[in-house]
Amino acid sequence: MSIRICSDEDLDLLSLLNKQLIEDENHDNPMNLEQLKDRMRGFINTDYKAYAFEVTGETIGYALVNHTRKPLYLRQFFICRNRRRHGYGKLGFDKLLEVLNTNNIDIEVMYWNHSGYAFWKSLGFKERSIYMRHQE
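Numbering follows the numbering used here, with no gaps: position 23 of the sequence shown is 12.
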């Protein structure tokens, strides 16, 4: 797996993946793809960077990280549905930490997202109120 930083050229892909993340989380965000594209443009042109996870040239997921917060804040993390349960989530997260050169990162998990909680806890996150923190 390789990771690359996304640019405005990736906005169509990022908005599509973000839409799937919203669906998977059962979030009530009503934005369409064009609105999500504009939102993602705002993220990656300010305090955030988006990172694409690629396997043999195919994008299989992404992460959106706020670089102004300490510790860093992982706002979105997504692995494509057909690539789940093959270890890509853990591998992607490990490689992301390597690229970010950190072992400390905060995330937020929707309280109704039980599979999300289980995934992040399996990676060593500790629950703190509504946030979860990974620390070594």
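Just so it is clear, CB atoms sit at the ideal spot from N, CA and C, and this is done for glycine as well. The structure displayed is predicted, hence computed values, not measured ones.
{"Item": "For Glu125, does the three-state DSSP call read helix, strand or coil?", "Value": "Summary for Glu125: the model assigns pLDDT 49, below 50, so the residue's position carries little reliability, and this model does not support an answer."}
{"Item": "Determine which residues share a DSSP beta bridge with Val54 and list them.", "Value": "Lys38 and Leu63"}
{"Item": "Just checking, does the region 88 to 105 make contact with the region 57 to 69 on the three C-beta pairs under 8 Å criterion?", "Value": "yes"}
{"Item": "In its own chain, which residues sit with a C-beta less than 7 Å from the C-beta of Ser(-9), not counting the 5 before and 5 after it?", "Value": "Glu43"}
{"Item": "According to DSSP, is Ser(-9) part of a helix, a strand, or is it coil?", "Value": "strand"}
{"Item": "Is the distance from the Cβ of Ala52 to the Cβ of Gly81 below 9 Å?", "Value": "yes"}
{"Item": "To which residues of the same chain is Asp1 closer than 7 Å at the C-beta, ignoring the five residues directly before and after it?", "Value": "Lys26"}
{"Item": "Tell me the residue span of the alpha helix (DSSP H) that contains Phe32.", "Value": "Leu22 to Ile33"}
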